[in-house]
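Undergrad: This is the structure, below, for whatever I ask next.
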Amino acid sequence: MPTTASPATQQSAALTGASLLNKHSIDQLPPERLAVRLTRLLAGPPGPAAAALHRAAQGGVVQAQLVYGQWLLDGRGVTRNPNQAVQWFAYAARHGEPMALNMLGQCHAHGWGVDRNPLMAAYWFRLAALGSLDWGMYNYATALALGQGVETDHPAALGWFEKAAALGHAKSMNMVGSFHEDGWAVTQNQDIALQWYRQAAEGGDFRGQFNTARLLLERGEAQAALSWLAHVPDTATPAFLRQAAHWLQSSLNHPTSIPAAVQAPLAALIRQYHDKAVLHHADHPA
Numbered sequence: 011m012p013t014t015a016s017p018a019t020q021q022s023a024a025l026t027g028a029s030l031l032n033k034h035s036i037d038q039l040p041p042e043r044l045a046v047r048l049t050r051l052l053a054g055p056p057g058p059a060a061a062a063l064h065r066a067a068q069g070g071v072v073q074a075q076l077v078y079g080q081w082l083l084d085g086r087g088v089t090r091n092p093n094q095a096v097q098w099f100a101y102a103a104r105h106g107e108p109m110a111l112n113m114l115g116q117c118h119a120h121g122w123g124v125d126r127n128p129l130m131a132a133y134w135f136r137l138a139a140l141g142s143l144d145w146g147m148y149n150y151a152t153a154l155a156l157g158q159g160v161e162t163d164h165p166a167a168l169g170w171f172e173k174a175a176a177l178g179h180a181k182s183m184n185m186v187g188s189f190h191e192d193g194w195a196v197t198q199n200q201d202i203a204l205q206w207y208r209q210a211a212e213g214g215d216f217r218g219q220f221n222t223a224r225l226l227l228e229r230g231e232a233q234a235a236l237s238w239l240a241h242v243p244d245t246a247t248p249a250f251l252r253q254a255a256h257w258l259q260s261s262l263n264h265p266t267s268i269p270a271a272v273q274a275p276l277a278a279l280i281r282q283y284h285d286k287a288v289l290h291h292a293d294h295p296a
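Just so you know, we're using my numbering here: the sequence shown kicks off at 11 and counts up by one.
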């Protein structure tokens, strides 16, 4: 019968694993073996895993520095400390780690451990984008699209969204769809917009799922729209669910635009959206 190691044994094993992940050993490890070793470090109770990450980070392991910074930001296995998180992101960023560059951008964008500074956020996002990170491309494109820390530049924003979309980034696919729907930097075209929204939806983006359903509803394809609307609550934020429910309710208030056969299922989805948003608020009060 299998036995479970005691917490002390688990912590000892984690620390031993961390001690093996010093910079010298990392330089000798193939990437696949490094990934396996890091995965083992992250398994088990968060406390010992965080201690192992800290040791590995101190040993110069860039990926450990990045993950440990994220755990400090989230308070996972350690006391939440955004200031120290920024320091570890900076250590990893010095080695050109694109996700660390992106996280420095996020910290400056949201004021996590540093003063909120949209200009510095855009600076770090751009470096992450230049490092071929899809999230860096998305965040820098968003800054360009909205004029956050940089001058608004829709053509440049679309270019970065398209580059990220080419890497399979679903949220960027949705944004490319929005550009085509609204006619930003391109000729307005709902057919092309729907194609991009559908790709984003298939990639799991809840905004892409909702936008696909929204355009399908406008085209009278209500049954197809319902199938996408049913997926939205799985990953959508409470704020988005409330906005989506409001839009759907407005559509339902004009029954001539909604076939009778889908009015009841649509009303049920609206209630589900509201309930999910309220439930999330109860679980995560402000």
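Quick reminder that beta carbons are idealized off the backbone N, C-alpha and C, glycines included. Predicted, not measured: the structure shown is a model, and the values here were computed from it.
Helix, strand or coil: how does DSSP classify Q233 here?
TA: helix
Undergrad: By Cβ distance, which residues of its chain are closer than 8 Å to W257, with the 5 residues on each side in sequence left out?
TA: R224
Undergrad: Give me the residue from D215, N221, E107 and A132 with the minimum Cα distance to L156.
TA: It is A132 whose Cα lies nearest to the Cα of L156.
Undergrad: List, from N- to C-terminal side, the beta strand (DSSP E) runs of 3 residues or more that fit wholly inside the segment 47-114.
TA: Listed in chain order, nothing qualifies, since the segment 47-114 has no complete beta strand (DSSP E) run of 3 or more residues.
Undergrad: Less than 8 Å between the CB atoms is what I'm expecting for V96 and V124, so what's the real figure, rounded?
TA: Indeed they touch by this definition, with Cβ atoms about 6 Å apart.
Undergrad: Output yes or no for whether 7 Å exceeds the beta carbon distance between A59 and L52.
TA: Cβ distance < 7 Å, so A59 and L52 count as in contact.
Undergrad: Could you tell me the alpha carbon to alpha carbon distance between N199 and P108, rounded to whole angstroms?
TA: 34 Å
Undergrad: Quick check for students: name the residue ranges of the beta strand (DSSP E) that lie wholly in the segment 145-194, counting only runs of 3 or more.
TA: none
Undergrad: Could you spell out where the alpha helix (DSSP H) holding R252 opens and where it closes?
TA: P248 to L262
Undergrad: Answer yes or no: do Q68 and L82 have a C-beta to C-beta separation smaller than 7 Å?
TA: no
Undergrad: Leaving out five residues before and five after Q116 in sequence, what residues of the same chain have Cβ atoms less than 6 Å from its Cβ?
TA: none
Undergrad: From G218 to G70, what does the alpha carbon distance come to, in whole angstroms?
TA: 39 Å
Undergrad: Suppose contacts are defined by Cβ-Cβ distances below 7 Å. Is P248 in contact with A287 by that definition?
TA: yes
Undergrad: Does the Cβ of T152 have 16 or more other Cβ atoms within 10 Å, making it buried, or fewer, making it exposed?
TA: buried
Undergrad: Please say whether H179 and Y148 have beta carbons closer to each other than 7 Å?
TA: yes
Undergrad: Tell me which residue opens and which closes the alpha helix (DSSP H) that I202 is part of.
TA: Here the alpha helix (DSSP H) through I202 covers Q200 to E212.
Undergrad: Does the distance from the C-beta atom of A166 to that of G187 stay below 7 Å?
TA: no
Undergrad: Locate the alpha helix (DSSP H) running through R136, then write down its first and last residues.
TA: P128 to L140
Undergrad: Is D163 close to chain C? Criterion is C-beta to C-beta, closer than 7 Å.
TA: No chain C is part of this structure, which consists of one protein chain only.
Undergrad: Exposed or buried, which one is A270 when buried takes at least 16 other CB atoms within 10 Å?
TA: The residue in question, A270, is exposed, as its Cβ has fewer than 16 Cβ neighbours within 10 Å.
Undergrad: Report, in whole angstroms, the separation of the C-beta atoms of K181 and A210, which I expect to be a contact under 8 Å.
TA: 7 Å
Undergrad: Can you tell me where the alpha helix (DSSP H) holding L225 begins and where it ends?
TA: F216 to E228 is the extent of the alpha helix (DSSP H) around L225.
Undergrad: Could you check whether P55 and R86 sit closer than 7 Å to each other, using their CB atoms as the reference points?
TA: no
Undergrad: Report the three-state DSSP secondary structure of D125 (helix, strand or coil).
TA: coil
Undergrad: Determine whether the beta carbon atoms of A176 and D144 lie at a separation below 7 Å.
TA: no
Undergrad: What do you reckon, are the CB atoms on Y207 and T222 nearer than 7 Å?
TA: yes
Undergrad: Grouping DSSP H, G and I as helix and E and B as strand, with all else coil, what is I280?
TA: helix
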